[in-house]
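Residue numbers (UniProt numbering), protein chains in the order written: chain A, 1 to 275; chain B, 1 to 275.
Okay, here's the thing in C-alpha cells:
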C-alpha cells in the first residue's frame with residue numbers, strides 16, 4: 001500500500017513565499033506519504049491581472065520552484081507533483097506541472113485545456129499527459145480543467161497510469177445545498193470509468209476576490225473517495241493535508257465483475273475513433 | 001418548463017404483468033409529467049436463465065408492449081420511453097428501448113454496451129443513440145451501461161439532445177456507507193460534462209436473487225440532481241414515481257461561464273479523433 005497526500009495550501013500571489021508549501025510537504029512526509037501532490041501554480045498563485053504579471057511570475061524548469069521541489073524530494077524520499085508557471089525555451093508562458101523524484105525532474109506537462117482567462121496568460125500544451133514510472137507506481141500528470149475531459153483520463157489509463165496526480169485551482173461556484181461539488185463527482189466518475197486512482201490537490205485562500213472550492217480529494221480506482229473533499233472556503237480557510245492509503249497495482253485490473261472490462265468494453269469504432 | 005418522470009417499478013419475470021407499470025405511468029401523467037421514462041426490459045424482467053428464456057420473452061416492435069405504450073401515450077398525451085426485449089426481423093434478440101409519442105412509435109434503439117451475461121442473451125446494437133424531436137424537446141435514448149461511456153452521451157449531445165432518457169436495471173453493488181452510488185455520480189458527471197439533462201429510470205424489486213440499486217434520478221444539465229436517487233432495495237422496495245421540472249432549452253447552451261464551452265473546449269485531434 002502507498003500513502004499519498006494532497007496538500008491544499010494557499011499561495012501568496014506575487015511574494016514567492018513557499019513557507020506554507022514546504023510546511024505542508026513536510027507534514028505529508030511525516031505522515032508517511034510517498035506521493036505528494038500540490039496545487040496548480042502552487043507558489044506563484046493564479047489570479048494574475050494580465051499576461052505581463054503571469055510572465056513575471058514564470059520561471060524555467062531549472063528555476064527556483066523546481067529546485068526547491070527537487071531538494072525536498074531528495075531529503076524526504078517523496079515523489080512530488082506540483083504546478084508552476086513555466087517560461088519555455090520558446091519564450092511562451094505555460095501553466096505546467098512537474099513530477100520530481102529523488103532530487104531529479106522526471107517529467108513536465110503543459111496544461112492542454114485552459115479555463116477562463118487563461119488563454120490570455122498561457123499558451124496551451126498539445127502533448128498528452130505523461131505517465132511516469134516511479135518508485136511508488138506509474139503516475140500520470142494533468143492539471144485542473146484537464147480532468148473534466150474523460151478522454152484525457154482514458155488516455156492516461158491506456159498508457160498504464162495507476163495514479164493520476166492533478167494539481168488544481170478549482171474556482172468556487174454556487175451549487176445546491178448539501179451537494180458535493182460537481183468537480184469532485186467528475187473526478188470520481190473518471191476514476192471509476194477508467195479504474196485509476198485520482199489525487200487532486202486544490203487551492204485554499206482567496207486571491208484578488210477569487211475563492212476556491214478547496215475540494216482536494218483522494219479517489220480510489222473504484223470511483224469512491226478515500227479522503228476529502230477538504231472543502232474549506234473563505235479568507236480563514238487553512239492549509240489541509242489529506243492523506244490516504246491506496247494500492248497502485250489495483251489500477252492494473254480493469255475488470256468490472258466476471259464479464260466486463262472498463263477499457264475493453266469501449267466501442268471505439270462507434271465513437272468515430274480510428275481502429 | 002417540462003415535467004419529467006422516472007418510474008421505478010418492479011417487473012414480474014415471465015408473467016407479462018403490466019399492472020404496476022401502467023399504474024406508474026398514470027400516476028406520472030396525473031402529476032403533470034409529459035416525458036415518462038420506464039426501466040430497461042420494463043415488462044419482461046432482466047434475470048433470464050438463458051437465451052431461450054430471453055427469446056421467449058422477446059417481441060417485435062409491433063408487439064404487445066409497444067402497443068400498450070402507444071395507447072398510453074395517446075390517451076395521456078405523454079412521450080414514453082421504455083425498455084423491452086426486441087425480436088428483430090433478423091430473428092436476433094436485442095435489449096432495446098423505444099420512444100412512443102401520440103400513439104406512434106417514433107424511435108427504437110438497441111443497447112450497444114452489454115453488461116454481465118447479456119452477450120449470451122442479446123445481440124449488441126451498433127447504431128448511435130437516436131435523438132428524437134418531440135413535442136417536449138429533443139430526447140435521446142440509451143440503456144443502462146451505455147450511460148457509463150461518456151462518448152455515448154457526448155455523441156447524443158452533439159446530435160442536439162436536450163434530455164437523455166435512460167431505461168436502466170442497475171444491479172446492486174456494495175459501496176461505502178453514506179456514499180451515493182457510482183452509477184448516479186457517473187450520470188451526473190455525464191450530464192454536467194455535455195450539458196444535457198439525464199433521466200434514469202431504474203428497476204426495483206429483486207428477481208431471482210438479483211437486486212437493484214433503485215437509483216432512479218433526474219439530473220439537470222448542470223450535473224446536479226433535481227430528483228432522486230430513489231434508493232430502494234430488497235423485497236419490500238415499492239414503486240416510486242420521481243418527477244421534476246426542467247428546462248429542455250437550457251441544454252442548448254453549452255457555455256461554462258463567459259470563456260468556456262463544454263463541447264468547443266474539447267481537443268478532438270489530441271484524443272485521436274479524426275478532424
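We put the beta carbon where it would ideally sit given N, CA and C, even for glycine.
- request: Assuming residue 4 of chain A contacts residue 167 of chain A (C-beta within less than 8 Å), just tell me the rounded distance between them.
  value: Rounded, the Cβ-Cβ distance is 14 Å, inconsistent with contact.
query: Of the residues B:144, B:151, B:34 and B:228, which one's Cα is nearest the Cα of residue 128 of chain B?
result: Minimum Cα distance to residue 128 of chain B is reached at B:151.
message: Looking at the strands, I want to know which residues DSSP matches up with residue 212 of chain A.
response: Paired residue(s): A:171.
message: I'd like to know if residue 270 of chain A contacts chain B, where contact means its C-beta is closer than 8 Å to some C-beta of that chain.
response: yes
field: alpha helix (DSSP H) segment containing residue 271 of chain A, residue limits
entry: Counting along the chain, residue 271 of chain A falls outside any alpha helix (DSSP H), and DSSP gives it neither H nor E.
message: Under 7 Å, CB to CB, which of the residues in the segment 89-115 of chain B have a partner in chain A?
response: Taking 7 Å as the Cβ-Cβ cut-off against chain A, the residues of the segment 89-115 of chain B that qualify are 112, 113 and 115.
query: Residues of chain A with CB under 7 Å from residue 149 of chain B, in chain order?
result: 266
message: Using only the alpha-carbon positions, how far apart do residue 68 of chain A and residue 250 of chain A sit?
response: When rounded, the distance between both Cα atoms is 32 Å.
message: Can you tell me whether residue 203 of chain A is buried or exposed? The criterion is at least 16 other CB atoms within 10 Å of its CB, across all chains shown.
response: buried
message: Run through chain A and tell me which residues come within less than 8 Å of residue 182 of chain B, C-beta to C-beta.
response: 188, 189, 192, 222, 223 and 224
query: Using a Cβ-Cβ cut-off of 6 Å (strictly less than) and excluding sequence neighbours within five positions of residue 48 of chain A, which residues of its own chain qualify?
result: 54 and 121
- prompt: Using the rule of at least 16 other Cβ atoms within 10 Å of the residue's Cβ for burial, across every protein chain shown, is residue 146 of chain B buried or exposed?
  reply: Burial call: buried.
Under 7 Å from the C-beta of residue 259 of chain A: neighbouring residues of chain B: Those within 7 Å of residue 259 of chain A in chain B are 116 and 117.
field: Cα-Cα separation, residue 193 of chain B to residue 221 of chain B
entry: 9 Å
query: Using the beta-carbon count (16 or more within 10 Å), is residue 248 of chain B buried or exposed?
result: buried
field: Proximal residues of chain B, C-beta to C-beta of residue 126 of chain A below 7 Å
entry: 270
- request: Using beta-carbon positions only, say whether residue 92 of chain A and residue 59 of chain A come within less than 8 Å of one another.
  value: Their beta carbons are not under 8 Å apart, which means residue 92 of chain A does not touch residue 59 of chain A by this criterion.
message: Just checking: is the beta-carbon of residue 185 of chain A within a distance shorter than 8 Å of some beta-carbon in chain B?
response: yes
query: Taking Cβ-Cβ distances shorter than 8 Å, what residues in chain A pair up with residue 315 of chain B?
result: The question about residue 315 of chain B has no answer, for chain B in this structure spans 1 to 275.
Which residues DSSP lists as bridging residue 137 of chain A, in chain order: A:134
- request: Since I believe residue 27 of chain A is in contact with residue 241 of chain A (beta carbons under 8 Å), could you give me their beta-carbon distance rounded to a whole number of angstroms?
  value: Confirmed, about 5 Å.
query: Using the C-alpha atoms, what's the distance from residue 211 of chain B back to residue 172 of chain B?
result: 6 Å
- prompt: Quick one: which chain B residues come within Cβ less than 7 Å of residue 274 of chain A?
  reply: 272 and 274
query: How many angstroms separate the CA atom of residue 269 of chain B from the CA atom of residue 76 of chain B?
result: 47 Å
- prompt: Hey, is residue 208 of chain B's beta-carbon within less than 8 Å of any beta-carbon in chain A?
  reply: no
- prompt: Grouping DSSP H, G and I as helix and E and B as strand, with all else coil, what is residue 84 of chain A?
  reply: strand
Assigned secondary structure, residue 261 of chain A (DSSP; H/G/I helix, E/B strand, else coil): Note: residue 261 of chain A maps to strand in three-state DSSP.
message: Please classify residue 41 of chain A as buried or exposed, where buried requires at least 16 other C-beta atoms within 10 Å of its C-beta.
response: buried
- prompt: Alpha carbon to alpha carbon, what distance is there between residue 148 of chain A and residue 266 of chain B?
  reply: 10 Å
- request: For residue 191 of chain B, count neighbouring Cβ atoms within 10 angstroms of its own Cβ and tell me buried if that reaches 16, exposed if not.
  value: buried
query: Hey, residue 209 of chain A and residue 233 of chain A are a contact pair by Cβ (cut 8 Å); roughly how many whole angstroms apart?
result: Not a contact, Cβ separation roughly 13 Å.
query: Applying the criterion that 16 or more other CB atoms from any shown protein chain within 10 Å of the CB defines a buried residue, is residue 174 of chain A buried or exposed?
result: Taking every protein chain shown into account, the CB of residue 174 of chain A has fewer than 16 other CB atoms within 10 angstroms, so this residue is exposed.
message: Using the three-state DSSP reduction, which class does residue 109 of chain B fall into: helix, strand or coil?
response: strand
Within chain A, the residues that residue 252 of chain B reaches when beta carbons sit closer than 9 Å: The premise fails here: residue 252 of chain B is roughly 20 Å from chain A at the closest Cβ pair, so nothing lies under 9 Å.
Alpha carbon of residue 142 of chain B to alpha carbon of residue 99 of chain B, nearest angstrom: Their backbone Cα atoms lie some 11 Å apart in a straight line.
- prompt: How many angstroms separate the CA atom of residue 64 of chain A from the CA atom of residue 169 of chain A?
  reply: 21 Å
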